[in-house]
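Let me begin by presenting the structure, written as structure tokens, before commenting on it.
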Amino acid sequence: MLPPGASLRVNAIGAGPRQCGSAFAGGYGRFTACVPAKLPPSPRRLRAMDDRPQRWNFRPHPLLRGGHVQTFAGIYLPRRDRPYAATRHLVPCDATPPHDGGDQLVLHEDRPAAWREGEPVVLLIHGFAGCYASTYMTRMAERLVQRGYCVFRMDMRGCGEGRHVARKPTHCGAYADVGAAVRFIAGRYPDSPAMAVGFSLGGALCLGLLADAGPCRVGNLQRVLAVCPPIDLFDVERRFEQRGGRPYDKFFVKLIWKQILDRWQRYPELAPATIPPRPKRLKQIDETIVAPAAGYAGAHDYYANTQVGPRLIEIEQPATIIASADDPIVPTAPLLAYPRGESVEVIIAEGGGHLGFIGDTRVTLDPDYRWLDWRIIDWVEGVALNGAATHQSELTESTDDSAAVAAGETAGA
187 MLPPGASLRV
197 NAIGAGPRQC
207 GSAFAGGYGR
217 FTACVPAKLP
227 PSPRRLRAMD
237 DRPQRWNFRP
247 HPLLRGGHVQ
257 TFAGIYLPRR
267 DRPYAATRHL
277 VPCDATPPHD
287 GGDQLVLHED
297 RPAAWREGEP
307 VVLLIHGFAG
317 CYASTYMTRM
327 AERLVQRGYC
337 VFRMDMRGCG
347 EGRHVARKPT
357 HCGAYADVGA
367 AVRFIAGRYP
377 DSPAMAVGFS
387 LGGALCLGLL
397 ADAGPCRVGN
407 LQRVLAVCPP
417 IDLFDVERRF
427 EQRGGRPYDK
437 FFVKLIWKQI
447 LDRWQRYPEL
457 APATIPPRPK
467 RLKQIDETIV
477 APAAGYAGAH
487 DYYANTQVGP
497 RLIEIEQPAT
507 IIASADDPIV
517 PTAPLLAYPR
527 GESVEVIIAE
537 GGGHLGFIGD
547 TRVTLDPDYR
557 WLDWRIIDWV
567 EGVALNGAAT
577 HQSELTESTD
587 DSAAVAAGET
597 AGA
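Sequential numbering from 187 applies to the sequence shown in the working numbering.
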């Protein structure tokens, strides 16, 4: 247990990735790295992060203490409906073209009227059984758009609007699907640097993508933030076997079974001859449906080959992980057990539950109790600041080099 109001910071963000032009394979496709995009200075977005260690300390709301309470409060606290005003994009995520039955992802683009190409883009990736319309996705998109960022919300295969255009289900090893989304954004806005924020499973997929990429950039992706990522699937399964984890196991079974039945209805050729009764455990679904569909022998093979914990050491590009010490779904012990590369920063807050983080504004001094939202905004704006500083340095070096070349040509003349 951490001291009240404390957060545990593990490792510091190291140097950025090396630039290279090689390609790498992962999941459902092959992706080619490219040099990082240039980030133009944007004074209205630059905010110093000298206060970051203090502001990242979490203190739970006095009436909402404990991991279970925080988790359910994050879901069920009053929220307002937000009208849909995004632009939909279909993104191929298979080698097979869509017209031949290949799967596609759906991206929902929210772009401010004043935004211009060359300014930062943020990709949001939802968690297990979520979608583009999950409350944390719509809320964060709105807040980032209000601050001038172009935001893409991703629907994984079979989730949200993605259920109409994908035969295969998403799974914990579908890192390349996130890569497909990142590459699409880079193709649409080649001069805009991209950041990715992944929630729960979405965060794990982001980390897996970076592990696959090694030193190579994926599109214009500059940095990743993973919130409460399940990096050890065996640990999550053991948590679900315990008394405190069983309600969550049942909750996810209900959600994912609905998606499975929907996919079988849309694609009858994928359904078994006799529809079985709804399984009682998520592991049963992984064993009999998800793992075989993703090409794994069973649940054990699936967990062993898709968990990202053992691969954190392979990540060479900047990544930040935010976790909660009292997360009732995703244990945090693996974050301390697995070795990590120097570019991976881990922050474990004293509380917050799973994607809850309902804070005490008297301590956090945030505009409202959604502590996680404001830390994501801090992180995004900090990345923009770092990127702008790098861009200025590159401009200076380029100017100096040009002057030196010009001087040499003059002397030669």
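Don't be surprised by glycine CBs; every beta carbon is placed ideally from N, CA and C.
* Asked: What are the start and end residues of the beta strand (DSSP E) that includes H275?
  -> From DSSP, the beta strand (DSSP E) with H275 extends over T273 to P278.
Does the contact criterion of 3 or more C-beta pairs under 8 Å hold for the stretch 292-308 versus the stretch 318-338? The stretch 292-308 is in contact with the stretch 318-338.
Exercise. Straight-line CA distance for L309 to L447?
Worked result: L309 and L447 have their alpha carbons spaced roughly 29 Å apart.
request  = Using DSSP bridges, identify the partner residues of T506.
outcome  = Per DSSP, L411 and E531.
Just mark Y262 as buried or exposed, buried being the case when its beta carbon has 16 or more other beta carbons within 10 Å. Classification of Y262: exposed, given that the 10 Å Cβ count is below 16.
Roughly how many angstroms lie between the CA atoms of F244 and D552, to the nearest whole one? Answer to the nearest angstrom: the Cα atoms are 11 Å apart.
Q.
I need the straight-line Cα distance from A362 to A479, nearest angstrom please.
A. For A362 and A479, the gap between their C-alpha atoms comes out near 16 Å.
Looking only at C-alpha atoms, which of I499, V292, H350 and P283 sits nearest to V277? Closest by alpha carbon: V292.
For this session: Quick one: which unbroken beta strand (DSSP E) runs of 3-plus residues sit fully inside the stretch 411-460? Chain order, please.
Result: Whole beta strand (DSSP E) segments, 3+ residues: zero.
Exercise. When the Cα of P517 is compared with those of L498, V422, Q256 and A271, which residue comes out closest?
Worked result: It is V422 whose Cα lies nearest to the Cα of P517.
Taking Cβ to Cβ, would you say G430 is nearer than 7 Å to P376? Not in contact: G430 and P376 (Cβ atoms no closer than 7 Å).
Review point. Around the Cβ of I499, are there at least 16 other Cβ atoms within 10 angstroms (buried) or fewer (exposed)?
Key: Exposed, by the Cβ-count rule.
Inset, instruction - Reducing DSSP to helix, strand and coil, say where Y214 ends up. - result: Bear in mind that the predicted position of Y214 carries a pLDDT of just 40, short of 50, making it too unreliable to give a figure here.
Check: Is the Cβ-Cβ distance between V530 and A505 less than 7 Å?
Finding: Yes; because the gap between Cβ atoms is below 7 Å, this pair is in contact.
Three-state class that DSSP yields for L541 in the structure shown
In this structure, DSSP gives L541 a state outside helix and strand, which the three-state scheme calls coil.
(Q) I need the straight-line Cα distance from A604 to I508, nearest angstrom please. (A) It is not possible to answer for residue 604, since the shown part of the chain is limited to 187 through 599.
Can you round the beta-carbon distance between C279 and T492 to whole angstroms, since I take them to be within the 8 Å contact cut? Incorrect: roughly 16 Å between the Cβ atoms, too far for contact.
Next on the checklist: Out of V337, A367 and C336, which one is the CA nearest neighbour of R343?
Outcome noted: Comparing Cα positions, the closest option is A367.
Quiz item: If G538 sits next to H247, beta carbons under 8 Å apart, how far is it from one beta carbon to the other, in whole angstroms?
Solution: That belief does not hold up - the Cβ atoms of G538 and H247 are roughly 11 Å apart, past 8 Å.
> Out of curiosity, what's the CA-to-CA distance linking W301 and C345?
Replying inline: Annotation: W301 to C345 spans about 28 Å, alpha carbon to alpha carbon.
Worksheet item: Straight-line CA distance for A390 to R526?
Response: Between A390 and R526, the alpha-carbon positions lie close to 14 Å from each other.
message: Please list the terminal residues of the continuous beta strand (DSSP E) segment that includes G384.
response: Residues A380 to F385.
What would DSSP say about R556, mapped onto helix, strand or coil?
Here R556 sits in strand by DSSP.
Using only alpha-carbon positions, find the residue among P355, T257 and Y322 that is nearest to Q290. Here the closest residue by C-alpha is P355.
inquiry  = Can you look up C317 in the DSSP assignment and give me helix, strand or coil?
reply    = Reduced to three states, the DSSP call for C317 is coil.
**Report entry** Cβ shell of V331 (< 8 Å), same chain only, five flanking positions each side left out
**Finding:** Beyond the five residues adjoining it in sequence on each side, V331 comes within less than 8 Å, by CB distance, of D296, R297, P298 and V337 in the same chain, given in chain order.
Apart from the five residues on each side of it in sequence, which residues of its chain come closer than 7 Å, Cβ to Cβ, to L407?
Counting only Cβ-Cβ distances below 7 Å, and skipping sequence neighbours, we find V368, A380 and A382.
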